[in-house]
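The end of the sequence shown is residue 212 by our numbering, with every number in the run present.
As structure tokens, the structure follows; a few thoughts come after it.
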Amino acid sequence: MSDATRAKLLEGALRTLTEQGIAKTSARSIAATAGVNQALVFYHFGSVDELLSAACRQGAERRVARYRDRLAEVSSLAELLAFGREMHEAERAEGYVGVLGQLLAGAQTHPRIAPATAAGLDLWIAEIEKVLRRVLGGTPFGEFADPAGLARAVAASFVGIELYEGVDGAGATAALDALEQLAFLVGALEELGPVGQRAVRLHLRRSSRR
3 MSDATRAKLL
13 EGALRTLTEQ
23 GIAKTSARSI
33 AATAGVNQAL
43 VFYHFGSVDE
53 LLSAACRQGA
63 ERRVARYRDR
73 LAEVSSLAEL
83 LAFGREMHEA
93 ERAEGYVGVL
103 GQLLAGAQTH
113 PRIAPATAAG
123 LDLWIAEIEK
133 VLRRVLGGTP
143 FGEFADPAGL
153 ARAVAASFVG
163 IELYEGVDGA
173 GATAALDALE
183 QLAFLVGALE
193 ELGPVGQRAV
203 RLHLRRSSRR
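The following block contains the structure:
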């Protein structure tokens, strides 16, 4: 019964964030959503912030696990960004984009939420980094790219777009389009023959010494 109650509270916390926002997320509202006694929030988690942190970690683990196999099949930067766009649409439809936005907003005023939110994002970043190491490794950019930094940049871009979308949907779409166009340009360079790729590498080496 204890595990079942914890599971209800974790799901209830995420649903409450989605439906009511961080400002209205409280022990009472979470318990009402979960269909349990309010006191059980404190019995199982000690505080609302600890419950939200646990829900954030669990939610991120589930979402990453859902897409891990698909990410393992990505073979180019263009595919990664196209898949990111597809995933964004699915996550928004299911309400998880809204949850992320609420957690990011809450982290500004609830310090205990910030580490859990960052840890959840790190799960995504780790998967993206694997893809970048794989798809850039054999290209002219593999020698110069920082996959770890690029993974954080990609994750930050999508987080920013998710938040921006709430105030300017058309602008968010244009940003996603621009990222895909950039990926196609990189892809075009990758398709150069051996001579062209050597020229690109030489230019990048010279530029990196300046």
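Don't be surprised by glycine CBs; every beta carbon is placed ideally from N, CA and C.
Taking every protein chain shown into account, the CB of Ala153 has 16 or more other CB atoms within 10 angstroms, so this residue is buried. Rounded to whole angstroms, the separation of the alpha carbons of Val156 and Arg87 is 12 Å. With a minimum length of 4 residues, the unbroken runs of alpha helix (DSSP H) contained wholly in the region 9-54 fall at 29-36 and 41-47. Straight-line measurement puts the Cα of Leu16 at about 31 Å from the Cα of Pro149. The continuous alpha helix (DSSP H) containing Gly122 extends over residues Ile115 to Leu138.
By the Cβ neighbour-count rule, Thr35 is buried, with 16 or more other Cβ atoms within 10 Å of its own. The beta carbons of Gly103 and Gly168 sit about 7 Å from each other, so the pair counts as a contact at 8 Å. Straight-line measurement puts the Cα of Ser49 at about 31 Å from the Cα of His90. Here Gly61 is buried. Its C-beta has 16 or more other C-beta atoms within 10 Å.
Around the beta-carbon of Ser77, fewer than 16 other beta-carbon atoms lie within 10 Å, marking it exposed. Here Ser31 is buried: its Cβ has 16 or more other Cβ atoms, across all protein chains shown, within 10 Å. In the same chain as Ala121, and ignoring 5 residues on each side of it, the C-beta atoms closer than 7 Å to its own belong to Arg59, in chain order. Within 10 angstroms of the beta-carbon of Thr111 lie fewer than 16 other beta-carbons, which makes it exposed. Rounded to the nearest whole angstrom, the C-alpha separation of Ile130 and Leu42 is 37 Å.
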